[in-house]
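K.L.:
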């Protein structure tokens with residue numbers, strides 16, 4: 002969404018956030034963001050229990066999320082993987098894979114690991130959540146992945162009597178070196194993280 006997005010589009014996006022979260026954000030008035038430490042982009046192969054010798058590769062990123070904002074906050078997370086080099090499929094949506102989440106938790110020795118679909122809800126000030134984003138169908142042609150996570154910052158804030166709606170995403174970029182063969186063995190570099198303000202609009 003560009004900065005020239007219409008007011009109706011922004012209001013529709015705001016409706017996707019739970020009413021209680023919107024009310025608390027508007028009343029609080031401040032702008033806040035979660036503290037996030039992203040892990041690497043990694044692969045895990047899961048053996049098919051019904052077909053001998055068959056396995057499926059999943060890609061995942063672990064995010065350590067901590068609330069240092071001074072108050073209990075409401076998380077309402079969504080995520081996507083942007084792969085602009087793939088013209089036919091430039092956006093990949095992660096999935097909820099309970100058995101894969103358990104396998105990753107075991108592999109990473111993270112006892113409190115949860116899928117990002119389970120991370121929504123209140124997070125107390127000072128509390129932490131270890132969240133995993135899993136892609137079940139990442140193309141072997143993917144050389145760059147921009148993981149975008151929404152819901153780690155507030156949507157509504159005040160400046161005096163004015164109320165603004167701000168659509169903010171956390172961007173974590175990865176780059177893989179190599180061709181489409183044997184991709185799980187090739188080097189993947191983390192290219193950094195940044196906050197991206199997708200749109201900002203005064204609504205009152």
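Residue numbers (the working numbering): 2 to 205.
C-beta atoms are modelled at their ideal positions from N, C-alpha and C, and glycine is treated no differently.
1. Classify residue 207: buried if its beta carbon has 16 or more other beta carbons within 10 angstroms, exposed otherwise.
2. Out of curiosity, what's the CA-to-CA distance linking residue 133 and residue 97?
3. In whole angstroms, give me the CA-to-CA distance for residue 155 and residue 32.
4. Using DSSP with H/G/I as helix, E/B as strand and the rest coil, what is residue 141?
5. Determine the DSSP secondary structure at residue 66, reduced to helix, strand or coil.
6. List the whole-angstrom C-beta distance separating residue 78 from residue 128, where the pair is believed to meet the contact cut-off of C-beta under 8 Å.
7. In or out: residue 184 buried (at least 16 other Cβ within 10 Å) or exposed?
8. Which residues does DSSP pair with residue 149 in a beta bridge?
9. So if DSSP puts residue 132 in a beta bridge, which residue, or which two residues, is it bridged to?
10. Please go through the same chain and pick out, in chain order, the residues whose beta-carbon is closer than 6 Å to the beta-carbon of residue 150, but skip the five residues on each side of it.
11. Where residue 116 and residue 65 are concerned, what is the direct C-alpha to C-alpha distance, given to the nearest angstrom?
P.N.:
Put simply:
1. Residue 207 lies beyond the range of the chain shown here (2 to 205); nothing can be said about it.
2. For residue 133 and residue 97, the gap between their C-alpha atoms comes out near 10 Å.
3. Taking the straight line from one Cα to the other gives about 6 Å.
4. Coil, per DSSP.
5. Note: residue 66 maps to strand in three-state DSSP.
6. Between residue 128 and residue 78 the Cβ distance is about 15 Å, and since that is not below 8 Å, they are no contact.
7. Buried: at least 16 other Cβ atoms inside 10 Å.
8. Answer is 81, 172.
9. Beta-bridge analysis with DSSP links residue 132 to 64, 115.
10. In chain order, 80, 171 place their CB closer than 6 Å to the CB of residue 150, counting only its own chain and leaving out the 5 sequence neighbours on each side.
11. Spanning the two alpha carbons is a distance of roughly 12 Å.
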